[in-house]
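Notes for the one structure printed next.
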Amino acid sequence: MSVQNTARIQQQNDRTISVIIGNPPYNAHQENFNQRNANRLYKGIDKAIKETYIKEGTAQNQIVVYDMYTRFFRWASDRLGQNGIIAFITNRSFIDSKTFDGFRKCIDREFDYVYIVDTQSDVRNNPKISGTKNNVFGIQTGIAVMFLVRCSSRQGA
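At the far end of the sequence shown sits residue 160, using the working numbering, and the numbering has no gaps.
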C-alpha cells in the first residue's frame with residue numbers, strides 16, 4: 004500500500020461514525036468458496052464474536068453465530084461511536100433461536116434501545132404462507148429489521 008493510501012485509511016478509521024445502515028448478507032451454512040457468498044475468515048471480527056456472542060451463549064453448537072450478518076453486527080457495534088444508530092435488515096434467526104442467546108445478551112448490554120421489526124415472513128416455519136411472495140425479498144428466509152440505539156447520556160444509568 005502507498006503511504007497516501009495508508010494515511011487515508013487511518014483518517015477514515017479515526018472518524019466517529021454515528022449511523023450505520025445496511026443489509027448484510029446472510030449465509031451461515033455456506034462452507035467453501037465454490038458456493039455463492041461463501042463464508043470467509045475475518046480473524047479480528049471472529050475473535051470479537053468469540054469473546055462476546057459465543058462467550059455469553061449457552062448453546063452447544065454456535066457455529067452459525069459466525070454468519071456474515073452477525074459479523075456485520077459485531078463490526079458495527081465496535082465501530083459505532085458513543086452516540087449512534089445501527090439499522091440492519093437481516094435474517095430473523097437471532098430473534099428466537101437458542102443459538103443466538105449470547106448475541107441477544109450482548110446487544111441488550113451494548114445498546115440503550117433495541118427495536119426489532121419481525122416481518123413474520125419465515126416460510127419454513129410458517130405453514131400459512133408458502134413460496135416466496137410473502138417475503139420482502141422473495142426468499143424463504145424470514146426477515147427482520149433491527150434498530151440499535153446507543154446514547155452516551157444513558158450509559159451507566
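No residue lacks a Cβ here, since even glycine has one placed at the ideal position from N, Cα and C.
Practice task
Below 6 Å CB to CB, which residues in the same chain sit around isoleucine 24 once its five sequence neighbours on both sides are set aside?
Solution key: Once the five neighbours on either side are set aside, the close Cβ partners of isoleucine 24 are Ala90.
Exercise for the section: Have a look at the DSSP bridge pairing and note the partners of alanine 147. Expected result: Alanine 147 pairs with Thr93, Asp121.
Exercise for the section: Spatial neighbours of arginine 82 within its chain, please: CB distance less than 8 Å, with the 5 preceding and 5 following residues excluded, ordered by chain position. Expected result: Correct list, in chain order: Ile20, Ile23.
Exercise for the section: Below 6 Å CB to CB, which residues in the same chain sit around methionine 149 once its five sequence neighbours on both sides are set aside? Expected result: The residues are Phe91, Ile119.
Problem - Cβ pair arginine 153, aspartate 111 closer than 8 Å - result: Not closer than 8 Å, so no.
Exercise for the section: Counting only the same chain and skipping the five closest in sequence on each side, list residues whose C-beta sits under 7 Å from that of asparagine 86. Expected result: Excluding residues within five positions, the ones whose Cβ falls inside 7 Å are Ser21, Arg153, Cys154, Ser155.
Exercise for the section: Taking only the alpha-carbon atoms, compute the straight-line gap between isoleucine 66 and glycine 84 and give it to the nearest angstrom. Expected result: Across the structure, isoleucine 66 and glycine 84 are spaced so that their CA atoms are roughly 28 Å apart.
Handout entry: Endpoints, alpha helix (DSSP H) assigned at glycine 105
Key = Counting along the chain, the alpha helix (DSSP H) containing glycine 105 begins and ends at 104-113.
Problem - Element boundaries [beta strand (DSSP E), containing serine 21] - result: Serine 21 -> beta strand (DSSP E) spans 20-25.
Exercise for the section: Give me the Cα-Cα distance between tyrosine 72 and threonine 93, rounded to the nearest whole angstrom. Expected result: As the crow flies, the alpha-carbon of tyrosine 72 is around 7 Å from that of threonine 93.
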